[in-house]
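This report refers to the structure that appears directly beneath it.
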Amino acid sequence: MNMSVNNGVAVDVRNLVKFFGSFKALDGLSFQVKEGEVFGLIGPNGAGKTTALRILATLLLPTEGSVKVFGYDVISQAADVRRIMSYLAEDAGAYRNLSGLEYLSIMARIYFHSRDEASEAVDRAVDISGLGGKIHDKIKTYSKGMKRRLQIARVFMLKPKLAILDEPTAGLDVVHASYIRKLIKDYANKYSVTVIMSSHNMLEVEYVCDRIALINKGRIVAEGTPDQLKTFWNASNLEEVFIKVVDIGQLPPSG
Amino acid sequence: MGSFLPLVEKEIKDLLRDPRIYIGLLAPILIMPIIGLAISAAMQSSIETISREGVKVAVIDLDETSISHEFIGFMHGLGLNVSESPSLEVEDAIEELKGSDTRILIVVPNGFESNVTSFRRAQVNVFFIVKSMGLSSVGIFSVIESVLNAYSRALVESFISSKSPEVNPEDVLNPLTTVSYTVVKDKILKVSPGVLFNQFFMGSGIMVPIVLMLVSMTVAQIAATATAVENEEKTLEILLTLPISRYRILMGKLIGSAVVAMLGTVLFIVGLTVYFQSIFSLPVMTGEGLTVSLELPTASLESYVMLFVSLLIAIFFATSLGVIIGALSSDVRISGSLVGFVQIPIMIPMFMVIYGDVGSLPLALRLFIYALPPSYPMLIAQSMFFSELPFEALLGIPCSAAFTVFLVYLTSKLLVPEKLLSIQYKLLMRRMKGRAIP
Numbered sequence: 001m002n003m004s005v006n007n008g009v010a011v012d013v014r015n016l017v018k019f020f021g022s023f024k025a026l027d028g029l030s031f032q033v034k035e036g037e038v039f040g041l042i043g044p045n046g047a048g049k050t051t052a053l054r055i056l057a058t059l060l061l062p063t064e065g066s067v068k069v070f071g072y073d074v075i076s077q078a079a080d081v082r083r084i085m086s087y088l089a090e091d092a093g094a095y096r097n098l099s100g101l102e103y104l105s106i107m108a109r110i111y112f113h114s115r116d117e118a119s120e121a122v123d124r125a126v127d128i129s130g131l132g133g134k135i136h137d138k139i140k141t142y143s144k145g146m147k148r149r150l151q152i153a154r155v156f157m158l159k160p161k162l163a164i165l166d167e168p169t170a171g172l173d174v175v176h177a178s179y180i181r182k183l184i185k186d187y188a189n190k191y192s193v194t195v196i197m198s199s200h201n202m203l204e205v206e207y208v209c210d211r212i213a214l215i216n217k218g219r220i221v222a223e224g225t226p227d228q229l230k231t232f233w234n235a236s237n238l239e240e241v242f243i244k245v246v247d248i249g250q251l252p253p254s255g
Numbered sequence: 256m257g258s259f260l261p262l263v264e265k266e267i268k269d270l271l272r273d274p275r276i277y278i279g280l281l282a283p284i285l286i287m288p289i290i291g292l293a294i295s296a297a298m299q300s301s302i303e304t305i306s307r308e309g310v311k312v313a314v315i316d317l318d319e320t321s322i323s324h325e326f327i328g329f330m331h332g333l334g335l336n337v338s339e340s341p342s343l344e345v346e347d348a349i350e351e352l353k354g355s356d357t358r359i360l361i362v363v364p365n366g367f368e369s370n371v372t373s374f375r376r377a378q379v380n381v382f383f384i385v386k387s388m389g390l391s392s393v394g395i396f397s398v399i400e401s402v403l404n405a406y407s408r409a410l411v412e413s414f415i416s417s418k419s420p421e422v423n424p425e426d427v428l429n430p431l432t433t434v435s436y437t438v439v440k441d442k443i444l445k446v447s448p449g450v451l452f453n454q455f456f457m458g459s460g461i462m463v464p465i466v467l468m469l470v471s472m473t474v475a476q477i478a479a480t481a482t483a484v485e486n487e488e489k490t491l492e493i494l495l496t497l498p499i500s501r502y503r504i505l506m507g508k509l510i511g512s513a514v515v516a517m518l519g520t521v522l523f524i525v526g527l528t529v530y531f532q533s534i535f536s537l538p539v540m541t542g543e544g545l546t547v548s549l550e551l552p553t554a555s556l557e558s559y560v561m562l563f564v565s566l567l568i569a570i571f572f573a574t575s576l577g578v579i580i581g582a583l584s585s586d587v588r589i590s591g592s593l594v595g596f597v598q599i600p601i602m603i604p605m606f607m608v609i610y611g612d613v614g615s616l617p618l619a620l621r622l623f624i625y626a627l628p629p630s631y632p633m634l635i636a637q638s639m640f641f642s643e644l645p646f647e648a649l650l651g652i653p654c655s656a657a658f659t660v661f662l663v664y665l666t667s668k669l670l671v672p673e674k675l676l677s678i679q680y681k682l683l684m685r686r687m688k689g690r691a692i693p
């Protein structure tokens, strides 16, 4: 399999099932993400968002089903997936005793074998993070918002084909959350990065995402663009959509 | 290898900038010379005190004869500071002495002179009042015993001279002359092995294992904490999604830790050398209050190299254990409670080396000790000044290195997030169940 046969599909998830012992975290999850799209997986805590993203990021193995990233299978071609993907874990920190610049430089040098490429990536990241002179400070002196900006910069400096962002604004204040959302939107567009992100903040994904899937108890319960979903469910925002979908338990419209 | 070096750099920088690591790194270079100098200073001061003031002895002379006076004069002559006890009752005299700095009471009973002059066995009662188990007490007691032996010898010589004036008493007393030497590798020292053993026991037998344990445990704890922090901060999760193999990620971590460990090892050996030098520059007390210097036995370059290699393997081993524990811990608190397990393979050889002779243990236990990499630096330190390196060490170091490599391999197999997250999840569930039970 190679990238030429993905037919514009960046992520193809089919009938994904994941068990942790006897606990079924994912129950037949299926969705597709198109190239260049910003796709949101939204749902409450424990819905299975992080598990799905960890499988996409080659961290976990599915119990059943298949997942392809730009045509690469996440199990048999995990190394290829890792070359084109960049992942941000929920609440991810960084090495406390390194400076922000050192951290970015180390990450860039792991990806890029050419010194020039790595150096350009670091310059991009410094620009994306907007940390200014603070980039030379130790990470242990950073606030949560600054750490998240550093991580977003780390993800986009690589210009990956796919960025996987797990709850990128969780725990941030309004100002930082808004800043991060803008970064995601701007740089996904600027570098043509396909983004798949999770959130339980419905309003956030409405602003950032081109298309979303509502997930509950390990299954997709609704999928479409924010406008499609609001119109279909006759709701003023996605939060209302979600409550209606979960309460009624109806099948989702196809996006 | 291009993408591997940044991981090593990350590890070294992150570890060396953690202030806690300096406790482990600097402990040997500070503690060992301080202890060595403290022991040296304490012994020096004891010897100087004894030489300056003389050993204080109180005497109850119940015989009050010319021979008993001669005996007291003999003690004076050999440098003892003899005074008459104010009380003639032994119990009262001891009570009085407890409050003074005199630690010896000699009682010359009635009939002393008549026994001596009629060549019957005479008796003196010596009471040693122990106020501490310090080195100075040991010195004082050995001085008294030597003086009494000298007097006894003088009596024998006088007896022999009176009976057979043509015979040299020395020849009768010592028909066989024994001179004790202690052979330490290629050096022959004119001292008894007991003296040497006493001084070395503190060093090789106790100090080296304890300080090595401190270094190993600190490094293991730091590796465990650093890895657990990676879990907690999700940096390990991010590392595992990078286009680099899990084996290289682990090797980056271990090599980074090993570089730091090597620094610790160098500091350890410097500390050890300073310690032994301060111990061997000590004068040794002899019976007559005089002092002689002990020649310094040296260890060969090869034994230092072997010590260095075995230390490195031991520390690498401890670091691998630390990484395993840290990787299995979803946060620093869990790692803190699990890291105690690392102590087991480090403390067992330590106690075996301190309290026993490994060679005389049952085979199964001996094999267990020889399988553990931390055993070797302790065994080498124990023998490096006295003999050739033990055969077990030469054979065991490659085996323990192989064991360590196997442990690293196992760790790399564990560093698969599927396994790691499943084990962490199970540990978490177990903890939560444990909490749920009232």
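In order, the protein sequences belong to chains A and B. Residues 1 to 255 (my numbering) are what the first sequence spells out, left to right. Residues 256 to 693 (my numbering) are what the second sequence spells out, left to right. Beta carbons: idealized from backbone N, C-alpha and C, even for Gly.
CB contact flag (residue i, residue j, <8 Å)
i                      : j                      : result
residue 506 of chain B : residue 601 of chain B : no
residue 648 of chain B : residue 517 of chain B : no
residue 40 of chain A  : residue 26 of chain A  : no
residue 379 of chain B : residue 359 of chain B : no
residue 17 of chain A  : residue 28 of chain A  : yes
residue 165 of chain A : residue 206 of chain A : no
residue 624 of chain B : residue 607 of chain B : yes
residue 105 of chain A : residue 122 of chain A : yes
residue 522 of chain B : residue 633 of chain B : no
residue 315 of chain B : residue 348 of chain B : yes
residue 576 of chain B : residue 584 of chain B : no
residue 495 of chain B : residue 59 of chain A  : yes
residue 650 of chain B : residue 503 of chain B : no
residue 589 of chain B : residue 655 of chain B : no
Collapsed DSSP secondary structure at residue i in the structure displayed
i                      : result
residue 591 of chain B : helix
residue 43 of chain A  : coil
residue 669 of chain B : helix
residue 194 of chain A : strand
residue 550 of chain B : Low confidence applies to residue 550 of chain B: its pLDDT is 49, below 50, so where it sits in the model is not reliable enough to give any reading.
residue 234 of chain A : coil
residue 639 of chain B : coil
residue 216 of chain A : strand
residue 32 of chain A  : strand
residue 544 of chain B : Unreliable positioning characterises residue 544 of chain B in this predicted model, as indicated by a pLDDT of 39, which lies under 50. The coordinate reading is nonetheless provided below. Coil at residue 544 of chain B, not helix or strand.
residue 692 of chain B : Note that residue 692 of chain B scores a pLDDT of 46, beneath 50, so its modelled location is shaky and nothing firm can be said.
residue 434 of chain B : coil
residue 224 of chain A : strand
residue 489 of chain B : coil
residue 116 of chain A : helix
residue 211 of chain A : strand
residue 346 of chain B : helix
residue 310 of chain B : coil
residue 319 of chain B : coil
residue 7 of chain A   : coil
residue 416 of chain B : helix
residue 630 of chain B : helix
residue 293 of chain B : helix
For residue j and residue i, believed in contact at Cβ under 8 Å, the rounded distance
i                      : j                      : result
residue 509 of chain B : residue 571 of chain B : 7 Å
residue 8 of chain A   : residue 35 of chain A  : 5 Å
Cβ-based neighbour list, residue i, same chain, cut-off 6 Å, excluding 5 preceding and 5 following
i                      : result
residue 132 of chain A : none
residue 163 of chain A : 86, 155, 193, 195
residue 118 of chain A : 108, 109, 112
residue 189 of chain A : none
residue 210 of chain A : 37, 38
residue 695 of chain B : There is no way to answer for residue 695 of chain B, as the model of chain B reaches only from 256 to 693.
Same chain, Cβ closer than 8 Å to residue i, five either side skipped, listed in chain order
i                      : result
residue 273 of chain B : 477, 481
residue 270 of chain B : 276, 477, 481, 511, 512, 515
residue 383 of chain B : 358, 359, 396, 399
residue 139 of chain A : 93, 94, 95, 96, 97, 98, 99, 100, 103, 147, 150
residue 370 of chain B : 376, 377, 378
Residues near residue i in its chain [Cβ-Cβ closer than 7 Å; skip 5 each side]
i                     : result
residue 92 of chain A : 151
Closer than 7 Å: residue i CB and nearest the ligand GDP heavy atom
i                      : result
residue 411 of chain B : By its list of ligands, the structure shown contains no ligand whatsoever, and the ligand GDP lies outside what it can speak to.
Taking only runs of the alpha helix (DSSP H) that begin and end inside the segment 146-202 of chain A, which ones reach a length of at least 4 residues, in chain order? 174-190
Report the start-end ranges of each beta strand (DSSP E) in the segment 50-104 of chain A that is 3 residues or longer and not cut off at the edges. 64-69, 85-88
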